[in-house]
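Just so you know, we're using my numbering here: the sequence shown kicks off at 10 and counts up by one.
For every residue, glycine included, the Cβ atom is placed at its ideal position computed from N, Cα and C.
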Amino acid sequence: MRHTYLPAQDGSWLLRDDKTDPYQMSNLINAPEHAELQAYLEALLQQKLRIPR
Numbered sequence: 010m011r012h013t014y015l016p017a018q019d020g021s022w023l024l025r026d027d028k029t030d031p032y033q034m035s036n037l038i039n040a041p042e043h044a045e046l047q048a049y050l051e052a053l054l055q056q057k058l059r060i061p062r
């Protein structure tokens, strides 16, 4: 996958583009141009965290 989406140690969230920023220097979280990607990754994460009943 091209992007990294994860919680930071301080409780905030990080969104990185591993292709254009391989050293992960920029946090794209809450950037308007990445809002759709952020929403998609959040939904995917929530789906993966659901425990089947």
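Inter-residue spacing [alpha-carbon to alpha-carbon] between residue i and residue j
i, j, result
"Gln47", "Ile60", "22 Å"
"Tyr49", "Asn36", "17 Å"
"Met34", "Ala40", "15 Å"
"Leu58", "Met10", "18 Å"
"His43", "Gln18", "22 Å"
Residue environment, residue i, which counts as buried when at least 16 other CB atoms sit within 10 Å
i, result
"Leu54", "exposed"
Own chain, CB closer than 7 Å to residue i, minus 5 neighbours either side, in chain order
i, result
"Ile38", "Trp22, Leu23, Leu24 and Gln47"
DSSP bridge partner residues for residue i (one or two, in chain order)
i, result
"Leu15", "Leu23"
Proximity of residue i and residue j at Cβ, strictly below 8 Å
i, j, result
"Asp27", "His12", "yes"
8 Å Cβ shell around residue i - same chain, five flanking residues per side excluded
i, result
"Leu15", "Trp22 and Leu23"
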